[in-house]
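Comments concern the structure below.
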Amino acid sequence: MNKKEITKRYILFIISLFFSALGVAFTKHGELGVSPISSVANVLSYKFDFLSIGAWLIIWNCVLILGQILILRKKFQLIQLLQIPLSFLFGYFTDIGMWIVSGIPTDLYIMKLLMVIIGIIILGFGISLAVIANVIMNSGEAFVKAISDTTHKQFGNVKIAFDVSCVITAILLSLLLFNFTIVGTREGTIISALLTGVTVKFFNRFLQKTVNSLLISKDHNVI
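According to our numbering, the sequence shown holds residues 1 to 223 in order.
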């Protein structure tokens with residue numbers, strides 16, 4: 001890839017972060033639970049609300065980056081440190097998203113459910129753009145890949161185990177912090193776990209060819 005294409009891909013990745021963060025904000029506002037990877041940060045944001053959900057997501061992503069370093073050690077690539085500023089950007093975008101959706105009424109259960117569905121669609125769109133950009137993985141996916149590469153297990157299987165462990169951790173934290181009450185992890189988390197991947201595949205199918213044609217410069221040279 002030449003410099004022009006790399007620049008375009010990173011711009012696309014930043015755009016993907018905004019949509020992914022907006023998707024998280026929609027599901028968070030619905031108060032039926034967020035995606036598995038964000039569930040731990042979500043529970044902590046309820047208990048320790050002096051920090052925003054965006055701030056807790058930054059902390060959680062940094063924990064996952066530290067986990068990659070500990071797992072990979074010398075195999076950890078320095079380029080992956082770009083995950084740190086991108087994690088801060090994602091957290092900032094999430095808080096902007098929370099401000100955008102703050103005026104939407106969610107008194108009725110159907111509205112809460114609608115927020116989750118809309119959030120999943122937007123999140124899936126954002127993840128799809130990140131996949132097409134193909135420059136750097138987000139901290140969650142990179143953490144899963146680090147485990148997969150180290151244990152020689154299939155990425156998909158490790159991803160499922162990671163998502164389940166995130167939900168279990170969120171539930172245990174909730175029970176511990178809220179007097180044995182489950183807070184912040186509900187049916188929305190399950191719906192998100194089931195539908196996000198399907199949504200990503202849908203958008204990939206219709207966007208990949210068109211977006212790639214915009215990314216690849218006419219004077220593209222393979223390095």
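Backbone N, C-alpha and C define an ideal beta-carbon position, used for all residues, glycine too.
Secondary structure of Lys201, DSSP reduced to three states: helix
Pick from Ser38, Gly197, Gly23 and Gly188 that is closest to Val101, judged by C-alpha positions: Residue Gly23 is the option with its Cα nearest to Val101.
Three-state secondary structure assigned by DSSP to Gly103: coil
Ala133 to Glu5 span [Cα, whole Å]: 10 Å
Candidates Trp60, Thr94 and Ile69, of which the one nearest Ser16 by Cα: Nearest C-alpha to Ser16: Thr94.
Backbone CA spacing between Pro105 and Met111 [nearest angstrom]: 7 Å
Candidates Ile11, Ala41, Met1 and Lys28: closest to Lys116 by CA position: According to the sequence as given, residue 116 is Val; it is not Lys. Nearest Cα to Val116 within the set Ile11, Ala41, Met1 and Lys28: Lys28.
Cβ pair Phe26, Ile118 closer than 8 Å: Yes, the Cβ-Cβ distance between Phe26 and Ile118 is below 8 Å.
Exposure of Thr199, with buried meaning 16 or more beta-carbon neighbours within 10 Å: buried
Length at least 4, wholly inside the region 44-118: the alpha helix (DSSP H) runs in chain order: 53-72 and 83-101
Span of the alpha helix (DSSP H), counted from its first residue to its last, around Ile11: Lys3 to Gly30
Reduced DSSP category for Ile136 - H, G, I as helix; E, B as strand; rest coil: coil
Selection from Ala21, Ile122, Asp149 and Thr181 that minimises the alpha carbon distance to Asn61: When Ala21, Ile122, Asp149 and Thr181 are compared, the shortest CA-CA separation from Asn61 is found for Ala21.
Where Gln83 falls, given that 16 or more other Cβ within 10 Å makes a residue buried: buried
First through last residue of the alpha helix (DSSP H) which encompasses Phe162: Phe155 to Leu177
Beta-carbon proximity of Trp56 to Ser39, cut-off 8 Å: No; because the gap between Cβ atoms is not below 8 Å, this pair is not in contact.
Gly33, buried or exposed, once every other Cβ within 10 Å from all chains shown has been counted against 16: buried
Classification of Asp163 by the beta-carbon crowding that lies within 10 angstroms, buried from 16 upward: buried
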